[in-house]
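The structure appears below as structure tokens.
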Amino acid sequence: KTKGRTAKQIYKKFKEIKKVGGGTDFEQIWHYINASPKRRNEMSLVITDFEWTARTEFIKHPKNLYYMPCAGMNYNSMLNAAKHFEKSARHNDTNIRKKILM
1 KTKGRTAKQI YKKFKEIKKV GGGTDFEQIW HYINASPKRR NEMSLVITDF EWTARTEFIK
61 HPKNLYYMPC AGMNYNSMLN AAKHFEKSAR HNDTNIRKKI LM
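Our numbering puts the sequence shown at residues 1 to 102.
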């Protein structure tokens, strides 16, 4: 919940959220969001290192899903991974680059 909170307070709460790691398959996220009309209309954010390659099969990319780089990585490595991800997933959403917040 962000209403009435400062950016610093929001960031502090965000840091308290448990994180997972290790090979997230973005297609699972896409299927999960696409399976629910409510989730399709909500904004979703994936905080990622972008180290994932989309398969060649088409899967509709959720319109309100965005990607944000995680902290603690070498910026150039993450940038290269983001470019690779974008290229591999372009067939799922031709505007996917606009969904990468970096």
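Ideal Cβ positions, reconstructed from N, Cα and C, are used throughout, including at glycine.
Practice task
Check L79 in the structure and name its three-state DSSP category.
Solution key: Numbered from 1 along the sequence shown, position 79 holds the residue referred to as residue 79. Three-state DSSP puts L79 in a helix.
Problem - Beta carbon of A54 nearer than 8 Å to that of A82 - result: For the purposes of this step, residue 54 is identified with residue 54 of the sequence shown, where counting begins at 1. For the purposes of this step, residue 82 is identified with residue 82 of the sequence shown, where counting begins at 1. No, the Cβ-Cβ distance between A54 and A82 is not below 8 Å.
Problem - Contacts around N80, its chain only, beta-carbon distance under 6 Å, and the 5 residues preceding and following it disregarded - result: As a working note, residue 80 is residue 80 in the sequence shown. Closer than 6 Å at Cβ, skipping near neighbours: no residue.
Handout entry: Cut-off 6 Å between Cβ atoms - residues of its own chain near M43, not counting five sequence neighbours on either side
Key = As a working mapping, residue 43 is identified with position 43 in the sequence shown. Counting only Cβ-Cβ distances below 6 Å, and skipping sequence neighbours, we find N64.
Practice task
Decide if I33 is buried, meaning its Cβ has at least 16 other Cβ atoms within 10 Å, or exposed.
Solution key: Numbered from its first residue, the sequence shown carries residue 33 at position 33. With 16 or more Cβ atoms within 10 Å of its Cβ, I33 is classed as buried.
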